[in-house]
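Using UniProt numbering, the first residue of the sequence shown is number 1, and each one after it goes up by one.
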Amino acid sequence: MTLKIASYNIHKGVSAFGRQARIHHLKDAIATLDADLVFLQEVQGQHDLHARRHALWPQQAQHEFLAGDSHHAAYGMNAVYNHGHHGNALLSRFPIHSQANHDVSDHAYEQRGILHAVVDHPAAAIHCFVIHLGLFAASRKRQIAALIATIERDTPADAPLIIAGDFNDWNQRLSHDLYTALGVREAFDIDAGHRHPAFLPASLHRLWKPSRPNHARTFPAGLPWLCLDRVYLRGFEVSQARVLNGKPWTSLSDHVPISAELQLLQPGQSER
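Now the structure itself:
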């Protein structure tokens, strides 16, 4: 069964310094992806200053506005300030069975969280984790350790798993920890041919380390060079993974989105 997903840091739905509201154009652009699951970062749950500055600012929280009538929404509030708050969100075409937000803030100047939502897909309960890691390497290392511990505690080992978001991992040092601990693979590594060797049994897949990661370049939007945005998977085969470059994406956020088409594997079926 095919599942379409996307991940996108929407920069709070505004241009630099909040001069222009982009949230309406973002909604139109995200709708063109026709994604079943959309993993969003920097989602504005509330911003009283933007609401006063921009005449057409939505009365709803951004995750509710972007979900519209076609998707359900889960929101994890991370950064809280006098005039509002923002965090991560998941938009799902399927009902969301449960959600929890885990605080992984590493210091007082960056509020970060992991949103865990369980989606009631017709074929299986899919565990979705939306993440936006910190700007410092040591913080990211500790936040990845917290993510791994959360997944090992709260997610069955045989459950379909998607971890997506802005990892801020410009030097590409975090993937091996996830590969080793969780047995996941990153969508663009898989799409580029970095699959498990045919001779390797499924029980040893998590030990396989691709020789050279091939993560997507997504930042800055005008000339994507850094590989900040990722989709890690378990229990899926990747049919296609792509970066959404060009218009309108270059004018909507400082990141460009990534998308993937997945095939949900049957129990006992190994990834290729």
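Idealized CB from N, CA, C, for every residue including glycine.
Please read all numbers here as calculations on a predicted model, not as lab measurements.
Asked	Found
Bridge-paired residues (DSSP) for residue 264	236
Unbroken beta strand (DSSP E) run spanning residue 4, endpoints	2-9
Inter-residue CB distance, residue 28 and residue 4 (contact presumed, cutoff 8 angstroms)	Their Cβ separation, rounded to whole angstroms, is 17 angstroms, which puts residue 28 and residue 4 out of contact at 8 angstroms.
Cα-Cα separation, residue 13 to residue 26	7 angstroms
Three-state class that DSSP yields for residue 103 in the structure shown	strand
Residues bridged to residue 64 (per DSSP)	DSSP, once it has assigned bridges, lists no residue as partnering residue 64.
Cutoff 6 angstroms; reference residue 97; Cβ partners in own chain excluding five residues on either side	118, 120
Straight-line Cα distance separating residue 67 from residue 250	22 angstroms
Cut-off 6 angstroms between Cβ atoms - residues of its own chain near residue 64, not counting five sequence neighbours on either side	73
Bounding residues of the beta strand (DSSP E) (the contiguous stretch that carries residue 146)	Element bounds for residue 146: not the beta strand (DSSP E) but the alpha helix (DSSP H), 137-154.
Residue 265 beta carbon less than 9 angstroms from that of residue 160	yes
Cβ-Cβ separation, residue 132 to residue 101 (assumed contact under 8 angstroms), whole Å	Residue 101 to residue 132, Cβ: 12 angstroms. No contact.
Between the CA atoms of residue 50 and residue 254 - distance to the nearest angstrom	18 angstroms
Residue 165 and residue 7 closer than 9 angstroms at C-beta	yes
Short Cβ contact (9 angstroms threshold) for residue 23 with residue 58	yes
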